[in-house]
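Data first, discussion second: the structure below is written as structure tokens.
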Amino acid sequence: MLHHTLRLELNFGGIEFGDSDGGPQLDDQRTNAKCIMDVWKIGVKALTDEKRVVRQEVIEQCINEVMDGERGEEIQKDRAKWKELAIKAVDEGESSDKNIDDMTCLPRKQHLQFRGPIVHYIFLLLYNWLLHFRLNIQTHFRAKLQSLEQKMEKGQLRAYKAHCLILPYPSQGHINPMLQFAKLLDHKEVRVTLVTTRFLYKTMHSSGSSCAAWETISDGFDDTGKGDTNIDIYLERFWQVGSKTLAKLLEKLSNSGSPVDCVVYDAFMPWPLDVAKKLGIAGAVFFTQSCAVDNVYYHVHRGLLKLPLADGQSQILLPGLPALDPLDLPSFVSDCGSCPAVYRMLVGQLSNVDKADWVLCNTFYDLEEQVVDWMAKLWRLRTVGPTIPSNYLNKRLKDHKEYSVNLFKSDNDACIKWLNERPKGSVAYVSFGSLAELEDEQMEELAWGLRRSKSSFLWVVRESEATKVPKGFIEETSEKGLVVSWCPQMEVLAHEAVGCFVTHCGWNSTLEALSLGVPMVALPQWSDQHTNAKYIMDVWEVGVRAPTDEKGVVRQALVKQCISEVMEGERGKEIQKNAAKWKELARKAVDEGGSSDKNIDEFIAKLQTQS
1 MLHHTLRLEL
11 NFGGIEFGDS
21 DGGPQLDDQR
31 TNAKCIMDVW
41 KIGVKALTDE
51 KRVVRQEVIE
61 QCINEVMDGE
71 RGEEIQKDRA
81 KWKELAIKAV
91 DEGESSDKNI
101 DDMTCLPRKQ
111 HLQFRGPIVH
121 YIFLLLYNWL
131 LHFRLNIQTH
141 FRAKLQSLEQ
151 KMEKGQLRAY
161 KAHCLILPYP
171 SQGHINPMLQ
181 FAKLLDHKEV
191 RVTLVTTRFL
201 YKTMHSSGSS
211 CAAWETISDG
221 FDDTGKGDTN
231 IDIYLERFWQ
241 VGSKTLAKLL
251 EKLSNSGSPV
261 DCVVYDAFMP
271 WPLDVAKKLG
281 IAGAVFFTQS
291 CAVDNVYYHV
301 HRGLLKLPLA
311 DGQSQILLPG
321 LPALDPLDLP
331 SFVSDCGSCP
341 AVYRMLVGQL
351 SNVDKADWVL
361 CNTFYDLEEQ
371 VVDWMAKLWR
381 LRTVGPTIPS
391 NYLNKRLKDH
401 KEYSVNLFKS
411 DNDACIKWLN
421 ERPKGSVAYV
431 SFGSLAELED
441 EQMEELAWGL
451 RRSKSSFLWV
461 VRESEATKVP
471 KGFIEETSEK
481 GLVVSWCPQM
491 EVLAHEAVGC
501 FVTHCGWNST
511 LEALSLGVPM
521 VALPQWSDQH
531 TNAKYIMDVW
541 EVGVRAPTDE
551 KGVVRQALVK
561 QCISEVMEGE
571 RGKEIQKNAA
581 KWKELARKAV
591 DEGGSSDKNI
601 DEFIAKLQTQ
611 S
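Each residue of the sequence shown is one higher than the one before, starting from 1 at the first, in the UniProt record's numbering.
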């Protein structure tokens, strides 16, 4: 008589059975004998006499029967078949292998947190049981079990509360904040699937471990990227192709046993909400710009702010906002004819926002209290920012020092080494982000303004802008300045040598400087940057806005003057004091129980109740 485990060992080895009904009759053995003979047909059952003894002649007969003759040939043929099926079951991607993979990600509806000792104990029992009976399976199967044990020891096996798919617009400034939001969700035990375009995925530089699995969809430009394609054509193509490939991805995830509870999508692309709703999935729009700017676009979209602005219109009054001059508005609003395609995209963000289950904003309540309160009357709006690496705020997430994904290569060591050699508060850090392009004349004025300034400078000039730097400038200023093509901005802003940030006022850069208490010199270029500059100078009072001349150029004398103003004298002291205040408020927002932290917890709780 054969125990089930020993039967598995013999079956896996392709050995025929000759089974006896005599001796101890325990547990599952009679049933196993029935299957051996009549179901799997890989052996015979030795019959007993009236004393329940298998006599020697019967044993001899059974052995001969399975090893010789036509019956033996048939049995050997069947045993070979079952051997092959057993091997296949534990091959990668096959039935037993997939089931073990499922054990590493518990079902989404399992809200009880079976972590730590309980899960550890169950899996160790399984592993020890297999070892005890010496189940002779393939090496990768054993390695998989050992990997599970290692993951349990590290606390990596857990039950997820929900599953979010996060889809940023394929641009550095949009990927970063949504990636950080994904890390916060992962920290709070939400499974996250990050999605980008196939082309962009191939060009990304990963600088750290990710919190989530990456998946890709098509924007219709998989091989070459969008390049110089007109934005209208690109967005239309992305909508057509992206909708189909996103739907297929959501179905794939559902069929894999891990259906998505909510699609968190970038406001620049409204169509993922329509895809999610058709599949019965919740949708959350994620705004990567300030609430103030989104409020302006809302009023334009609803026809409450008439464009073009009337000649001589000196002030714009909108609920929740300070009085704005025309030049304080986003550039595509103040001059709506300058780039019609981008204007349509920005205003189109609001096209289906009323259907979204949540409106998530990368800001924090204290920073934009009045406009947040007003917009929260329209939608289920929640602030979840600032979404920057935790190491620079509250250190709640271990080893969370950088964004993890970059579309540009940087020489981190060279930047930090250079800063380490400079006195505290002596360096002006200059960067205009990943998209802004300065005119040649403005680049030249900025360069000579930095040279004339008393401060040292670290200037980021993207490779695409490098030819605009005045000839000989880098060599002439090598003792006081460093020019690089890209750098780890958060690490630079956090460095004690940095005394101010000369910035284009992109929202990510603005939030980073506010969160790290760095005073700013504002040189806005386009889009939302003019509105952000208004707040930097007049609302938050953490910097100055460099005046332009009739050609829209900030001259070198004013570059020098503005840097001195925020780094020296009485005005500089007041700005630095305000910067320190906002740094503390940013930290409190994401601390446990802070405004943004509570909003994220509420978002997750709602997902749990609907799943």
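By construction, the Cβ of each residue, glycine as well, lies at the ideal position given by its N, Cα and C atoms. From a predicted model like this one, the values you see are computed outputs, not experimental measurements.
- Under the three-state reduction of DSSP output, Glu215 falls in the strand class.
- Rounded to whole angstroms, the separation of the alpha carbons of Gly433 and Lys88 is 53 Å.
- Around the beta carbon of Asp91, a 10 Å sphere encloses fewer than 16 other beta carbons of the protein chains shown; the residue is thus reported as exposed.
- Residues of the same chain with a CB within less than 7 Å of the CB of Asp549, apart from the 5 flanking positions on each side, are Arg555 in chain order.
- For Asp78, same chain residues with a beta-carbon under 6 Å away, outside a window of 5 residues either side, are Lys41 and Ile42 in chain order.
- Counted as a single uninterrupted DSSP element, the stretch harbouring Trp459 is not any alpha helix (DSSP H) but the beta strand (DSSP E) occupying residues Ser456 to Val460.
- For Thr288, there is no enclosing beta strand (DSSP E), as DSSP gives it neither H nor E.
- According to the DSSP assignment, Ile166 belongs to the beta strand (DSSP E) that extends over His163 to Leu167.
- Relative to the Cα of Leu279, the nearest Cα in the group Lys244, His299 and Phe287 belongs to Lys244.
- Taking C-beta atoms as the reference points, Val559 and Arg452 count as a pair closer than 9 Å.
- Note that the segment 326 to 346 does not touch the segment 354 to 374; fewer than 3 beta-carbon pairs, one per stretch, sit closer than 8 Å.
- Judged by beta-carbon spacing, Met567 lies within the 9 Å limit of Gly425, meaning their Cβ atoms are closer than that value.
- For Thr510, the uninterrupted alpha helix (DSSP H) segment begins and ends at Trp507 to Leu516.
- Nearest Cα to Ser390 within the set Gln561, Ala557, Val590 and Ser331: Val590.
- Under the DSSP assignment, Leu273 falls in the alpha helix (DSSP H) whose first and last residues are Trp271 to Lys278.
- By the beta-carbon neighbour count (other beta carbons within 10 angstroms, threshold 16), Glu565 is buried.
- Apart from sequence neighbours up to five positions away, the residues of its chain that approach Asp601 with a beta-carbon distance below 8 Å are Lys188, ordered along the chain.
- Looking at the backbone, the Cα of Val58 and that of Leu47 are separated by about 7 Å.
- The shortest CA-to-CA distance from Leu607 to any of Ser351, Met204 and Ala284 is the one to Ala284.
- With a threshold of 16 other beta carbon atoms within 10 Å, Thr531 meets it and is buried.
- Beyond the five residues adjoining it in sequence on each side, Val241 comes within less than 7 Å, by CB distance, of Ser218, Asp219 and Gly220 in the same chain, given in chain order.
- Contact between Trp507 and Ser171 does not hold, since the beta-carbon distance rounds to 12 Å and is not under 8 Å.
- When rounded, the separation of the alpha-carbon atoms in Ile175 and Ala86 is 45 Å.
- Counting along the chain, no beta strand (DSSP E) covers Ser314, and no H or E run does either.
- DSSP places Phe501 inside the beta strand (DSSP E), whose first and last residues are Val498 to Thr503.
- For Leu360, the enclosing beta strand (DSSP E) has its first and last residue at Trp358 to Cys361.
- Sequence-distant partners of Phe501 (beyond 5 residues in either direction) whose C-beta falls short of 6 Å from its own C-beta, in its chain, are Tyr429, Ala513, Val518 and Met520.
- Shortest Cα-Cα distance from Gly481 to any of Glu491, Leu511 and Gly449 involves Gly449.
- Residue pairing by DSSP puts Thr383 in a beta bridge opposite Cys361.
- Taken through DSSP and simplified to helix, strand or coil, Leu324 comes out as strand.
- Take Leu350, set aside five residues on each side of it, and the residues of its chain with a beta-carbon closer than 7 Å to its own are Tyr297, Tyr298 and His301, in chain order.
- By the Cβ neighbour-count rule, Arg545 is buried, with 16 or more other Cβ atoms within 10 Å of its own.
- Bounds of any beta strand (DSSP E) do not take in Ala579; it lies within the alpha helix (DSSP H) bounded by Gly569 to Val590.
- Note that the C-beta distance between Lys34 and Lys51 is not below 9 Å.
- If you look at Leu184, you'll find it in the alpha helix (DSSP H) that goes Gln172 to His187.
- Sequence-distant partners of Leu327 (beyond 5 residues in either direction) whose C-beta falls short of 8 Å from its own C-beta, in its chain, are Ser334 and His530.
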